[in-house]
Structures are given as structure tokens and as C-alpha cells.
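Report on the following structure.
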Amino acid sequence: MVVKAPLAWRVPAIQLAFIACVFVALSLSSRLLPILPSASDVILAGVKLLGWREAYRHFGITAGEALAGFVIGTVLGIAVGAAVGASRTATEVLNPIILAIYAVPKIIFLPLLMMIFGVGFAPKVANAAMHAFFPIMLNSLVGMREVDRIHIKVAQSMSASRLHIARKVFLPAMVLPVFAGVRLGLGLAFMGALLAELFESKAGVGYMVIQSYTAGEIAGMLAIIAVVFALILAMNAGMQRVENWLSRWRRA
Amino acid sequence: MSDAIEVRAVSKTFLESDAAAGSGILAIRHADLRVGRGEFVSLLGPSGCGKSTLLDIIGGLEAPSAGQVIVEGETIRGPSRKMAMVFQPMSVFPWRTTLENVAFGLELRGVGRTERERTAREMIELVGLTGFEQKYPSQLSGGMNQRVAIARALALDPDILLMDEPFGALDEQTRRLMGLELLRIWDRARKTIVFVTHSIEEAIQLSDRILLMSARPSVIREEIPVPLPRPRSIESLTSDTAKDIERRIWRALMEEVGGATGAP
């Protein structure tokens, strides 16, 4: 308890100091490598970016692709993970295959997705879904396998039906492991959407990054990256709050 | 007095998945036992001797390979409302508060919220946890969680409690105190109790009768009455009668392992 109070400000203080270091490093490196913009250039470009209406449309498109992919990946991931995890045989048969695909960078499937879905919104959604799917599916599968036997036994000893056991034992027991996957999946869905845009796009954050790069506006490009970084920070903080609420029974 | 539980010639063979067809592991061989209404009987034996399996068979969670279990005149074919089981402390649901844990069984039976919470509160009072209704298991000690598990079983108002090493994970002191606490609850709730344990002292402290089980394949090798007066206290265990019973159990256990070492 004594440690906790200073920790509350120590962490953000160190984080701010870290960001300051990045700026100092950036200004130093821009002197050594004139190709790189200075920190003040990046800040100016950032202000300009936030004042540019079109930028919001691009961010909106990427967010739309990522969120649509995230929803699809979550639904499929939980369904497949729970179905496979429900059977020991299915788990043992499929586990090596799943782990192998998990280890492969999913971007490798993008050409295939573009063949199927063409260009535009759909292949980005598909790529985002593909990225979100695996951690959610794996966590659901493991969550399913790791439901405590004794809890199932308690319910069975009280003549619980299969539906009762599913709803009152498996469901609550799986909330946290599944959510851990969902949290990873949300970040990866954004990654999937952005990556796909970098390869082929006419709109979106990836498109803006490529456009700035080809136009030689490196300060603008770094400003976009900084905004993406800030959005991901905010998103993670939000997810952390949800997780704290979901795991309230764990805190003593 | 009629019997609450009658176990008739129960055997249990577990099929080993990778063994040759037709072979298996004989876990329990021809177990016969009777438990009278309101009696407190312990199944005492070493770890892995099949005593928990026998309890699962009585509770209807496992089917016997041969023989039958009769509870209050009815053959057991699955879990029965006449019985409730208590497992180790970790069996409480960590995501449920004390109140929600105790009300779990009634929730399964479709009892309405108001009524099941009223019953749950009564049981929480019976096990001495009033004031902890809204706490989660992570906020309670192991002994308190075991009270929750007992209250959860009692809330179903069974005639019989089947307890599978309920205090096995607790430290020695808590374990003794929980034993006395269980006797107090038993005295007020008037249930028949079958109690599985590997602790000789615990069996003596609690039981009317001890059934001594041998290692696999498990048989009930001896029945030992415990004529200690009730209500029992911490001192009960230090009486000469208790010492005699303990010696008798040790002698039987030593014969079991080969007898060369002799009784202490």
C-alpha cells in the first residue's frame, strides 16, 4: 500500500520522460541525417494533419476495416476455439496445424485474399479478420480445455443439465481467457487493416503513409504514425479497464 | 433403524485406453457397506486407494462396473436430490460471491431469486459466515471457502452429505477447527455424512464408524467403531479410547504394507 501511491505518478512520469527522450533523439538524428525531419517539423505536421478534414475520413476508413474484421475474427475465433476445445481428440488432431498457421505471418495470405475479395474495403476487412482470428481462437480453445474439472463435477453432482454446465460453469470460466485473446485480436485487426493498405489502397491510414512517403513528406508520415500510436495507446487503456472490471473477482 | 445408504458388492474397473482389449484396472473390489440414518461414517485409506471413486459411485457420478448402491430404498442411477457432495475448497466458483456460490444449486433447480437468497443467507448463518455474503473466494481464507462449499451443499437440503477430503488442502490447525465446526453443523442440521479422508486423526475426531480401505484394488478391510462420547472437543483425541483406535488403525495399515516394520 505504501508503494502504491508513488507508483501512481512514477509510471506516467517515466513514460513522459521517455517520450521527451524520443524527441531529443529525433532532433539529434535530424542533425546527423538531414533526410530526417526535426521534432518541431513533426509536431507542425501533426497540427496540420489534425486540421485536415480528409485525414479523418482516412482514419475512419481504416478503423471501419479493422473493426469489421475484428468482429468477424472474434465471432469465428470464439466459435471455432470453443468447438475444437470441447473435444480432446479434435484439439490433439488440430493443435499442431493451428500452431503452425499461427506462427506464419498472416500477411502472406494477402495475395490470396485479394484474389478472392478483389480490391477496396473487402480484402482489408478479410486481412484484419485473419489477424484477429488466431489469438482469439487459440485463447478460446485453451480456455475451454482448462475449465476446472472440479467445478464441472460440482455442477454434475447437483444434476445440472449440459446447458446449465455450459452457461453456469464454462461461460463464466472462459470470460477472462477469451478476453485476453480479444484484446490481442483488436490490436492485430488494426495491424491487419494497415498492412493490407500499405500493399494496395486508394484510401485509409496506410494509403496516407505511402502518399506522404512518395511525396517526400517524412515529417507528415511520422506525424501519422504518432497519431496511430496515440490511438492504440488509448484503445489499450480502454481494454485494460474492461479487463479490470471483468476480473474484479480476482482481486483480494 | 433402516439404512440411509447401502452399497452392495460394488466393483469398479477402469478401462485403460491403451491397454489390450478386455483388460483394465480394478479400482474397487466387491465393496459392501451400510450407513445408518444420521450416522457419520468415514472412509479412511491411503492416497489413490479408490475411496473417492467409491464416493463418486455412491453419489451417482460414476456407474459401478458391478453391484449397486441403494439410497433410502432406491437404486442410484445418477445424482440424486437426497444427496449433496462437498469437495475440496477450490471447488467454490471463484467468479461468484459467497451468496451466489451458496445459491448455485437452487439456481440450477429454478428456485426464484428471493427464495434462493433467503435460503442461502440461512445457510451462510449456519456455517458462521454472516457478513461475508458479498465477498469473492479470493477474499476469503481456505477454511472460509470450505464453509462456503458446505453451505452450498446444505442449501439443497439433502438427507445425506458426501464429503470428499473437504479439509485435505487446509493446514493442520484450520483442519482441526473445521472438523469441530462440521460436527456442530452436523448436530444442528442432522444429516447422514459419508466422509472420505486420508487423515487417521480426522477420521477418529469426527466419525461414529471408520471403514478402513486398502490400496488398489481397493477393498473395505476393516470396520472400526469410534465409541468416543459426543459432543466431541479438541480433548477427545487425547483420550485413551482414541489412542487405542489409532493403534488399531496403524496395526492394520502396517499389515497392509507388509508388516515388517511393526506398529509404532
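Protein chains in written order, with the numbering used here: chain F, 182 to 433; chain H, 79 to 342.
Virtual Cβ for every residue (Gly too), placed ideally from N, Cα, C.
The structure presented is a predicted model; accordingly, all values stated were derived computationally and were not measured.
Fully enclosed alpha helix (DSSP H) runs of no fewer than 4 residues occupy 343-346, 352-380, 386-395 of the region 338-422 of chain F, in order along the chain.
For the pair F:E246 and F:P304, the Cα-to-Cα distance works out to about 9 Å.
Inter-residue distance for H:E203 and H:G209 is about 9 Å (C-alpha atoms, whole angstroms). Bounds of any beta strand (DSSP E) do not take in H:K129; it lies within the alpha helix (DSSP H) bounded by 129-136.
For the pair F:G385 and F:I242, the CB atoms are nearer than the 8 Å cut-off. The C-beta separation of H:L139 from F:Q196 comes to about 53 Å, leaving the pair out of contact by the 8 Å criterion. Under the 8 Å criterion on CB atoms, F:R343 is classed as non-interfacial with respect to chain H.
No Cβ-Cβ contact shorter than 8 Å links H:T270 with H:V88. At a C-beta separation below 7 Å, F:V335 has these neighbours in chain H: F165, S169.
With a beta-carbon spacing of about 5 Å, H:A233 and H:M201 fall inside the 8 Å limit used to define contacts. Closest by C-alpha distance to H:M222, out of H:R230, H:L207, H:L133, is H:L207. Residues of chain F whose Cβ lies closer than 8 Å to the Cβ of H:P157 are, in chain order, Q337, S338, M339, S340. Contact note: H:G183 reaches chain F through M339, using a C-beta cutoff of 7 Å and chain order. The C-alpha of H:V297 lies about 27 Å from the C-alpha of H:L260. With respect to the 8 Å criterion, H:L240 and H:I136 are classified as neighbours on the basis of their beta carbons. In the assembly as shown, F:F199 is an exposed residue. Its beta-carbon has fewer than 16 other beta-carbons within 10 Å. Its chain contains P304 as the residues whose beta carbon lies nearer than 6 Å to that of F:M295, once the 5 sequence neighbours on both sides are disregarded; these appear in chain order. Non-local beta-carbon contacts of H:R299 in its own chain, meaning distances under 6 Å to residues more than five positions away in sequence, involve L290, S292 in chain order. Of all alpha-carbon atoms in H:R194, H:L177, H:Q146, H:T176, the one lying nearest the alpha-carbon of H:L184 is that of H:R194.
DSSP places H:L260 outside any beta strand (DSSP E); the residue lies instead in the alpha helix (DSSP H), whose first and last residues are 250-267.
Below the 8 Å Cβ cutoff, chain F contributes W430, R431 as neighbours of H:P172, in chain order.
According to DSSP, H:V147 shares a beta bridge with H:V85.
In the same chain as F:V265, and ignoring 5 residues on each side of it, the C-beta atoms closer than 7 Å to its own belong to A271, T272, L275, L322, in chain order. The continuous beta strand (DSSP E) containing H:T275 extends over residues 270-275. Interface with chain F (8 Å Cβ-Cβ cutoff): H:L132 is excluded. Of all C-beta pairs linking the region 371-387 of chain F to the region 282-301 of chain F, three or more are shorter than 8 Å, placing the two stretches in contact.
Look at the region 308-337 of chain F: the residues with a C-beta under 8 Å from a C-beta of chain H are D329, I331, H332, K334, V335, A336, Q337. Closer than 8 Å to the CB of F:P304 there is not a single CB belonging to chain H. The C-alpha of H:E279 is placed about 10 Å away from the C-alpha of H:T316. For H:G137, the chain F residues whose C-beta falls within less than 8 Å of its own C-beta are S338, listed in chain order. The beta-carbon separation of F:L427 and F:V356, rounded to 6 Å, stays under the 8 Å limit for a contact. Only residues of its own chain outside the window of five on either side were considered, and among them A310 have a CB closer than 6 Å to the CB of F:I253, listed in chain order. A check of alpha carbon separations from H:I323 across H:L258, H:I312, H:D286 identifies H:D286 as the nearest. Assigned with DSSP and collapsed to three states, H:S292 falls in coil, not helix or strand. With a threshold of 8 Å between beta carbons, F:P353 makes contact with chain H. DSSP places H:I302 within a strand segment (E or B) once states are collapsed to three.
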